Amino acid sequence: MPNISGKHISYWIDSTPTANFPPLINNLSVDVAIVGAGIAGITAATLLKHAGKTVAVIESQQISTGVSGHTTAKVTSLHQLIYADLIKNHGEKKAQIYAQSNQAALKFVAKTVTEQQMGAMRFCQIR
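Take the sequence shown: its position 103, counted from the start at 1, is 86 in my numbering, and no numbers get skipped.
Written out as structure tokens, the structure is:
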């Protein structure tokens, strides 16, 4: 997505609303503190909250403008070069474990998206 200067801007950075939270001044007691409000941090915080934990997400910059803000956010398990390297350096069994882990993550993302969309639809219907 090009901006006025003609340079490309990350869609994730461009489309994420600015959030200004006050700095943490007092002590805070939580079950889990997560450093980083990117895809991994927010996902972990959400899952922990659903599991009944108290969670604090700590971010030094703007939400989703670090590593997550500069990714393609492509979800895939087709890492041809990585598999070839894994097989060569670690054997087929470990490459297979890596592949199965990636497939499980892909299914998790698809399931989470579906559940969140259904939750949002129910929320809209209630209002």
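Yeah, the Cβ is synthetic: ideal placement off N, Cα and C, and Gly gets one too.
Model, not experiment: these values are computed from the prediction.
Proximity winner among Q99, I65, Q44 and D68, relative to A2 (alpha-carbon distances): One-based indexing of the sequence shown puts residue 2 at position 19. Of the candidates Q99, I65, Q44 and D68, the one whose C-alpha sits nearest the C-alpha of A2 is Q44.
Span separating the alpha-carbon of D(-3) from that of Y81: Here residue -3 refers to the residue found at position 14 of the sequence shown. Here residue 81 refers to the residue found at position 98 of the sequence shown. Distance between the alpha carbons of D(-3) and Y81 is about 33 Å.
Under 8 Å between C-beta atoms of V18 and V38: Counting from 1 along the sequence shown, the entry for residue 18 is found at position 35. Counting from 1 along the sequence shown, the entry for residue 38 is found at position 55. Against a cut-off of 8 Å, the Cβ pair of V38 and V18 comes out as no contact.
Cβ-heavy atom distance, T97 to the ligand NAD, below 7 Å: Only the bare structure without any ligand can be found here, which leaves the ligand NAD out of the picture.
Rounded separation between H33 and L69 - CA only: Within the sequence shown, numbered from 1, the residue matching residue 33 stands at position 50. Within the sequence shown, numbered from 1, the residue matching residue 69 stands at position 86. Cα to Cα, the separation comes out at about 35 Å.
Exposure of I8, with buried meaning 16 or more beta-carbon neighbours within 10 Å: For this step, residue 8 is matched to residue 25 along the sequence shown. When all chains shown are included, I8 counts as exposed.
Simplified DSSP assignment, three categories, for I41: Position 58 of the sequence shown, counted from the start, is the residue given in the question as residue 41. Three-state DSSP puts I41 in a strand.
Distance, L89 Cα to V58 Cα: The residue given as residue 58 occupies position 75 in the sequence shown. The residue given as residue 89 occupies position 106 in the sequence shown. Going from the Cα of V58 to the Cα of L89 covers about 7 Å.
Rounded straight-line distance, which links the Cα of M101 to that of G35: The count along the sequence shown starts at 1 and reaches residue 35 at position 52. The count along the sequence shown starts at 1 and reaches residue 101 at position 118. Looking at the two C-alpha atoms, the distance is approximately 21 Å.
DSSP beta-bridge partners of V15: Position 32 of the sequence shown, counted from the start, is the residue given in the question as residue 15. According to the DSSP secondary-structure assignment, V15 is paired through a beta bridge with V38.
Proximity to Q79 [Cα-Cα], best of L61, A27 and K94: Residue mapping note: residue 79 aligns to position 96 of the sequence shown, counting from 1. Distance check between Q79 and each of L61, A27 and K94 places L61 closest, using alpha-carbon atoms only.
Contact under 8 Å by Cβ, G24 with V13: By 1-based counting over the sequence shown, the position of residue 24 is 41. By 1-based counting over the sequence shown, the position of residue 13 is 30. For G24 and V13, no; Cβs fall outside 8 Å.
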